[in-house]
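The numbers in the UniProt record's numbering rise by one with no breaks, and the one at position 391 of the sequence shown is 391.
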Amino acid sequence: MKRIAVLGSGTAGLHLSYALVSRGPFEVTVYTDRSPEEVRSGRVSSTQVHFGAARAREAAYGMPAWEQGPDLESIHVTVGGQKLFTGRLERPAKSVDQRAYFARCMEDLEAKGVSFVYGRVDEERLQELAPAYDLLVDCSGKRGPLAPFPQLEELSPVPAPQRKCSVGYFHGVAPLEPSGVSISILPGAGELFEIPALTAQGPVTILFIEAVPGGPLDAFGGIKTAESFRDRIRAVVDSHFPAVAARLDGERFGLCDERGFVQIAVQPSVHRPYCTVGGTLVLGCGDSVVLNDPITGQGCNTASYCAEQLVLTLAEELGRPWDEQTGEAYWRRIRDHVTEVTTWTNAMMGPLPDHAVGLLMAGAGDPSTADRIAGWFADPRTAYDDLFRAAAGT
Numbered sequence: 001m002k003r004i005a006v007l008g009s010g011t012a013g014l015h016l017s018y019a020l021v022s023r024g025p026f027e028v029t030v031y032t033d034r035s036p037e038e039v040r041s042g043r044v045s046s047t048q049v050h051f052g053a054a055r056a057r058e059a060a061y062g063m064p065a066w067e068q069g070p071d072l073e074s075i076h077v078t079v080g081g082q083k084l085f086t087g088r089l090e091r092p093a094k095s096v097d098q099r100a101y102f103a104r105c106m107e108d109l110e111a112k113g114v115s116f117v118y119g120r121v122d123e124e125r126l127q128e129l130a131p132a133y134d135l136l137v138d139c140s141g142k143r144g145p146l147a148p149f150p151q152l153e154e155l156s157p158v159p160a161p162q163r164k165c166s167v168g169y170f171h172g173v174a175p176l177e178p179s180g181v182s183i184s185i186l187p188g189a190g191e192l193f194e195i196p197a198l199t200a201q202g203p204v205t206i207l208f209i210e211a212v213p214g215g216p217l218d219a220f221g222g223i224k225t226a227e228s229f230r231d232r233i234r235a236v237v238d239s240h241f242p243a244v245a246a247r248l249d250g251e252r253f254g255l256c257d258e259r260g261f262v263q264i265a266v267q268p269s270v271h272r273p274y275c276t277v278g279g280t281l282v283l284g285c286g287d288s289v290v291l292n293d294p295i296t297g298q299g300c301n302t303a304s305y306c307a308e309q310l311v312l313t314l315a316e317e318l319g320r321p322w323d324e325q326t327g328e329a330y331w332r333r334i335r336d337h338v339t340e341v342t343t344w345t346n347a348m349m350g351p352l353p354d355h356a357v358g359l360l361m362a363g364a365g366d367p368s369t370a371d372r373i374a375g376w377f378a379d380p381r382t383a384y385d386d387l388f389r390a391a392a393g394t
C-alpha cells in the first residue's frame with residue numbers, strides 16, 4: 001500500500017485526505033501543528049466561499065455536510081456607490097467558519113483511520129520524513145511552500161501585495177436579498193465584500209475590506225483588539241459605503257467572538273507544483289503553490305480542484321513508481337486552470353480594462369449577463385473566456 005504524508009490541514013490537506021480515503025488504497029498521515037480543539041478555539045485565518053463544484057466534491061468524498069446557515073444564491077455588484085446588478089448562481093454556495101469546518105473534518109478523518117501527527121514541519125523535518133513515504137504533499141498554505149518548488153515568474157508578476165485585507169465575522173448586519181455575496185467596488189481605493197456565513201455562534205456576516213495600500217480604506221494599522229477592530233471597520237463603512245452602513249444595527253453590531261477578526265496582506269505567487277526531496281516525490285497543493293489574492297474568492301475552490309486532480313493523477317500512476325513524471329502529469333492536469341484563475345485574479349487588482357467595465361455595465365440592464373458574471377466566481381474559466389479570450393478574439 002502506498003504511504004502518503006499530507007503536510008497541512010487546511011482546505012487543500014483536508015480535501016486531499018478525504019479524496020485519498022475515498023479512492024484508496026492509501027495509507028494517509030496528516031502532519032499539522034494544531035489539534036482540532038486548538039483550531040476550533042483559535043483565530044479566524046481568512047474568508048471562505050465554497051462554490052458549487054467544491055461542494056459537489058465534498059459530497060462525493062463523504063465530507064461532513066453543513067445543512068445549517070444560509071445558502072448563497074447570488075452575487076451583488078455595486079461600483080462607486082451605484083448598485084449595478086444581482087446575478088444568480090446556478091448552484092448555491094456556502095460559507096462555514098473554517099475553525100468549525102476544519103476541526104470537524106479532522107476529527108472525522110481520524111475516525112475514518114487517517115493518522116494525525118501534531119507538530120510543526122519545517123524544511124529540516126521534511127528531509128527527515130522523505131524516506132518514510134512514497135509521496136509527500138505540501139499543503140502548508142500561505143506560510144509555505146515547505147518544499148523547494150521553483151517559482152513560475154510568468155504567473156508571479158506582482159512584486160508586492162496589492163491589497164491589505166481586513167476581515168471580521170459580525171453579528172448585526174442585515175442581509176441582502178436574495179442571499180449571496182456582495183461586492184462593493186470603490187475604484188482606486190479597494191473593495192468591501194459581505195459574505196453570509198455560519199459559525200459556532202450562529203449565522204454572521206463576514207465584512208472583508210480589500211484596501212489599496214496607502215488609500216482611504218487602508219485604515220487598520222495598529223488595530224489589536226476586537227473592540228478597536230469593530231470600531232474602525234464601522235467608521236470605514238460609515239465613511240465609504242453608506243448603503244452598507246444603513247444595514248448595520250448599532251446595538252447588535254459586533255464580532256462573533258474575540259478572535260473573529262484577522263488582518264493579512266497576500267503576496268501572490270505560483271510555483272511549479274512538484275520536486276523531489278531526498279529521492280521522494282513532493283507535490284504541492286493549494287495556497288502553498290498557487291497563492292492568489294482573495295479578491296476573486298478562489299483560494300478554497302482552487303485548492304479543492306487541485307486536490308481532486310492530484311488524486312486522479314495518482315490513480316493513473318498507481319502501477320509505477322511516483323517520480324517527477326508523475327509530478328509533470330499532475331501539473332499538466334491543473335496548469336490551464338491555475339493560469340486562468342491567476343490571470344483573472346491579478347487583473348482584478350488593477351484598473352479594469354474597458355471591455356470588463358463594459359460587461360459590468362451590461363449586467364445592469366441584462367439579467368442573463370448579470371448571471372453570466374456571477375458565474376465567473378463559480379467557474380473561473382468563464383471569467384477568463386469573457387475577459388481575455390473574447391477580448392483577444394480567440
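All residues carry an ideal CB built from backbone N, CA and C; glycine is no exception.
| query | result |
| --- | --- |
| Quick one: which unbroken beta strand (DSSP E) runs of 3-plus residues sit fully inside the stretch 138-205? Chain order, please. | 164-171, 180-186 and 190-199 |
| Would you mind working out which of Gly250, Glu317 and Thr339 sits nearest Ala329, comparing C-alpha positions? | Glu317 |
| According to the Cβ coordinates, are Gly119 and Asp33 closer than 8 Å? | yes |
| Could you give the distance in angstroms between the alpha-carbon of Arg23 and the alpha-carbon of Leu16? | 10 Å |
| Mapping the DSSP letters down to three states, classify Cys306 as helix, strand or coil. | helix |
| Please classify residue 417 as buried or exposed, where buried requires at least 16 other C-beta atoms within 10 Å of its C-beta. | An answer regarding residue 417 cannot be provided, because it is not within the stretch 1 to 394 covered by the chain. |
| Which two residues bound the contiguous beta strand (DSSP E) that contains Ala280? | What sits at residue 280 in the sequence shown is Thr, not Ala. Taken as a continuous stretch (DSSP letters only), the beta strand (DSSP E) holding Thr280 covers Thr280 to Gly284. |
| My guess is that Gln48 and Cys300 are in contact by the Cβ rule of under 8 Å, so how many angstroms apart are they, rounded? | 5 Å |
| For Arg252, I'd like the list of residues in its chain whose CB is within less than 7 Å of its CB, leaving aside the five on either flank, ordered along the chain. | His171 and Gly172 |
| Excluding the 5 residues flanking Pro268 on each side, which residues of the same chain have their C-beta closer than 7 Å to its C-beta? | Ser156, Val158, Leu291, Asn292, Asp293 and Asn346 |
| Mapping DSSP to helix, strand and coil, what is Glu90? | strand |
| Please name the residue, chosen from Arg372, Leu129, Lys164 and Gly254, that lies closest to Pro216 on a Cα-to-Cα basis. | Lys164 |
| For the stretch 185-205 and the stretch 131-151, state whether three or more C-beta atom pairs, one from each stretch, are separated by less than 8 Å. | no |
| What's the gap between the Cα of Phe220 and the Cα of Ala211? | 10 Å |
| Assuming contact is defined by CB atoms lying nearer than 8 Å, are Asp134 and Lys2 in contact in what I supplied? | yes |
| Can you check DSSP and say which residues form a bridge with Thr313? | For Thr313, which the question treats as bridged, DSSP gives no partner whatsoever. |
| Given that a residue counts as buried once 16 or more other Cβ atoms are within 10 Å of its Cβ, and exposed if not, what is Thr225? | exposed |
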